Amino acid sequence: MRRGQNSRRLRVPDLWLVLAVLLAALPGVGPLWLHPTPAGPGPDLLVYGATPQGVTAAAAAARSGLRVLLVEPGDRVGGVLTQGWLATLDLSSDRLGRPLSAGLFQPFYRALHHDNSFDVHTAERALRGLLPSSVQLRLRTRLRAVQVQGGVVRQVELQAAGGRTRWVAAPRYIDASDTAELAARAGAGFTVGRQDGGQDRRQMAATLVFRLRGVNWPRLAAALDRERARLHDGAKLAGRSVYGLGPLAAAYRPSDPQRFHLRGLNGARQDDGSLLVNALLIYGVDGTDPASVRRGYRDGRRESARVVRFLRLALPDAFGHVWLAGVAPALYLRETRHLVGQQRLHADQELDGRTWSSSVAVSAYPMDGQVYRPGDAPFLLGQPQPYAVPLGALLPRGYRNLMVVSQAASFDSAAAYSARVVPLQMSLGEAAGTAAVVARLSGRSFAQLNRSRLLTVWLQLSLERHGARLTAPPGSGSCPDGRSPAASRRAARQLLRRGLLNQPYHYQGCLYLTAPQLTGEFLNDLQHQLGRPDQQALFEGLRQLYGPERPLDSGAAQLMLGLLHQPASLLDGPDRLMTRGDAARLRWRLWRLWARQGRVVAPLTAPAVPAR
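By the numbering used here, the letter at position 114 of the sequence shown is numbered 116, and the numbering carries on one by one without gaps.
So this is what it looks like as structure tokens:
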């Protein structure tokens with residue numbers, strides 16, 4: 003059958019029939035495998051959110067014959083790519099250079115001509131091209147209410163653009179919205195922002211992408227080349243992608259420094275010659291509060307005009323004749339809530355390249371977080387080994403027929419630095435749609451699917467049959483962390499789970515706890531841990547005094563703690579050079595002290611972390 007043709011009859015490959023017969027002989031599995039749940043008059047699956055992952059979920063389910071209703075509150079498919087204008091993909095590859103995202107992501111990437119950046123209209127057409135014609139797509143349709151009974155989502159109330167409402171029932175639901183709106187309304191458990199790390203509910207800064215017309219492209223390329231030659235940074239114009247101008251952006255003075263910050267430009271050239279600019283950070287946006295999102299959008303639109311005036315004056319060769327040609331239809335929200343799922347993915351598990359018996363997708367994108375408040379140092383947690391996402395991370399705890407596929411799935415806030423990227427989310431969407439097929443054929447719930455090794459094997463074989471990657475060879479090199487004391491390893495992993503252990507990108511799959519602790523990294527970590535905006539000037543003074551590359555000694559660490567009004571007595575023993583493991587143990591002692599004093603928002607410890 004050609005893609006796009008509708009079918010009411012599920013197509014079961016011969017392999018699955020053989021597997022079903024074998025399973026039917028097992029106790030407790032029985033005849034449901036050979037007699038799937040009868041289809042009702044409505045959809046077999048309702049997907050909420052025509053995001054990239056929502057599209058792949060709908061496409062994966064429909065290609066096997068499920069009747070799919072895809073509901074989108076906006077006026078186009080594509081989510082953050084087409085409504086937030088995030089026009090650059092964050093890709094990851096294995097050590098052989100092969101992309102880790104495959105399956106349905108591959109035809110999408112081919113349609114973008116294998117370029118990391120793309121034209122947003124091309125991306126929308128490519129995503130629509132993934133949808134079989136059997137998928138019922140409902141744009142401008144909002145979720146109003148969710149009815150739940152006994153851990154089962156029974157029906158949802160939808161409101162069309164004209165105001166008409168109706169209740170729709172389906173046996174299975176996938177929430178593919180970036181904010182997990184359906185699951186939240188259903189009452190599923192979540193943490194908000196970095197709350198799970200024992201801090202506050204702040205979320206990473208949002209961005210409003212804006213469009214420039216009138217760019218002098220040859221002179222922009224020359225300016226980026228000069229910057230790269232002078233600073234040896236990554237400034238460049240490559241294909242459609244623009245990276246750089248960090249020193250220029252640092253000179254920008256926002257209308258409100260507590261609300262806005264201009265970082266170096268990430269840009270994507272469009273087919274019409276315009277440039278989409280991802281650079282304006284907006285602090286204090288709560289993505290779970292529609293009023294806060296509206297205020298962030300309104301304020302960002304005003305600030306964008308101010309940024310464009312600055313760019314004209316700051317780089318007249320390239321930007322002297324540019325004008326603001328619009329802003330994205332929606333804010334780019336990097337973070338909102340994080341599901342409490344049947345399983346939670348932690349940052350140290352990503353770093354180690356952990357795999358699972360229920361793995362449904364792989365990635366290796368750097369754990370690269372955005373800042374939370376003005377003056378924050380960067381959040382760079384290193385480069386993980388290729389790691390897998392378990393099926394349980396998509397399943398809300400206590401629900402039987404609901405899955406969540408987005409950056410709001412069951413990832414710790416620090417783990418989401420890597421797991422939030424679109425290519426991985428598209429792979430997870432395909433896995434969720436395929437899981438709906440397996441659940442439909444087996445007559446089992448999503449929760450039962452996750453508990454059955456045989457069912458997860460069925461799911462994995464089906465994904466691999468359609469070209470998905472579920473494994474990847476580990477990176478090269480060995481990790482010396484085993485030579486570090488167990489107490490240092492435990493402390494470092496607890497800090498990493500909270501996003502409080504920075505390290506360079508070239509630290510892949512290892513914390514390098516026996517390496518010298520550099521002063522700049524220690525101050526960055528300490529600034530994140532203290533979370534005191536009023537001490538920003540003191541931190542800057544300490545950075546200038548000691549320099550970023552100087553190895554840290556315990557005497558300097560004691561002095562820093564004293565100046566920051568923290569107990570220097572946590573450091574014992576003679577003055578000595580400190581390793582990264584020593585520094586981690588010191589800062590974990592400080593964290594535990596705060597917990598005893600009631601200064602930590604979340605419980606003292608995350609789930610137990612074994613020494614590596």
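Glycine included, each C-beta is placed from N, C-alpha and C at the ideal position. Treat the numbers as computed from the prediction; the structure is a model and nothing was measured.
Cut-off 6 angstroms between Cβ atoms - residues of its own chain near Q272, not counting five sequence neighbours on either side
D121
Relative to the C-alpha of V279, which candidate in L184, P380, W87, G469 has its C-alpha closest?
W87
What residues in its chain sit with their C-beta under 8 angstroms from that of L34, if we drop five residues either side in the sequence?
The predicted position of L34 is uncertain, since its pLDDT is 36 and thus under 50; no value can be drawn from it.
Taking only runs of the beta strand (DSSP E) that begin and end inside the stretch 382-412, which ones reach a length of at least 3 residues, in chain order?
The qualifying runs are 389-392, 404-406.
When you compare only the Cα positions, how much space is there between S415 and Y374?
12 angstroms
Figure out for me which residue from L48, R69, R455, L139 has the closest Cα to the Cα of W358.
R455
For A240 and V137, which I take to be in contact (beta-carbon distance under 8 angstroms), what is that distance rounded to the nearest angstrom?
Between V137 and A240 the Cβ distance is about 35 angstroms, and since that is not below 8 angstroms, they are no contact.
Which of helix, strand or coil DSSP assigns to W169:
In this structure, W169 counts as strand in the three-state DSSP scheme.
By the three-class DSSP mapping on this structure, what secondary structure does G477 have?
coil
Span separating the alpha-carbon of A171 from that of G191
Approximately 22 angstroms, taken between the alpha carbons.
So if DSSP puts D370 in a beta bridge, which residue, or which two residues, is it bridged to?
L382
Could you tell me which residues DSSP pairs with G343 in its beta bridges?
P398
G298, DSSP secondary structure in three states:
helix
Rounded to whole angstroms, what is the Cα-Cα separation between Q149 and G501?
Between the C-alpha atoms of Q149 and G501 there is a straight-line separation of about 36 angstroms.
Identified DSSP bridge partners for P101:
S95
Just reading off the alpha helix (DSSP H) that A190 is part of, what are its end residues?
Careful: A190 lies outside any alpha helix (DSSP H) and carries neither H nor E.
From which residue to which residue does the beta strand (DSSP E) around A327 run?
325-329
Taking the Cβ atom as the reference point for each residue, do P54 and G81 lie within a distance shorter than 8 angstroms?
yes
Is the stretch 154-170 touching the stretch 250-261 in the sense that three or more CB pairs, one from each, lie closer than 8 angstroms?
no
Compare the beta carbon distance of L566 and L588 with 8 angstroms and say whether it is the shorter of the two.
no
Taking G400 as the reference, which of P376, Y419, A449, A418 has the closest Cα?
A449
Reduced DSSP category for H234 - H, G, I as helix; E, B as strand; rest coil:
DSSP places H234 outside both helix and strand once states are collapsed to three, so it counts as coil.
Cross-strand partners of P553 (DSSP beta bridge)
L520
Assumed close pair G355, P386 - CB separation to whole angstroms, cut-off 8 angstroms
6 angstroms
What's the gap between the Cα of R304 and the Cα of L451?
49 angstroms
Going straight from the alpha carbon of P75 to that of A421, what length do you get?
24 angstroms
H37 versus L457 - alpha carbon distance
Residue confidence is low: H37 scores 37 on pLDDT, short of 50, so the model does not pin down where it sits. Its coordinate-derived value is still stated next. Across the structure, H37 and L457 are spaced so that their CA atoms are roughly 16 angstroms apart.
So, with DSSP's three-state summary, where would you put N280?
It is a strand residue.
Collapsed DSSP secondary structure at F120 in the structure displayed:
coil
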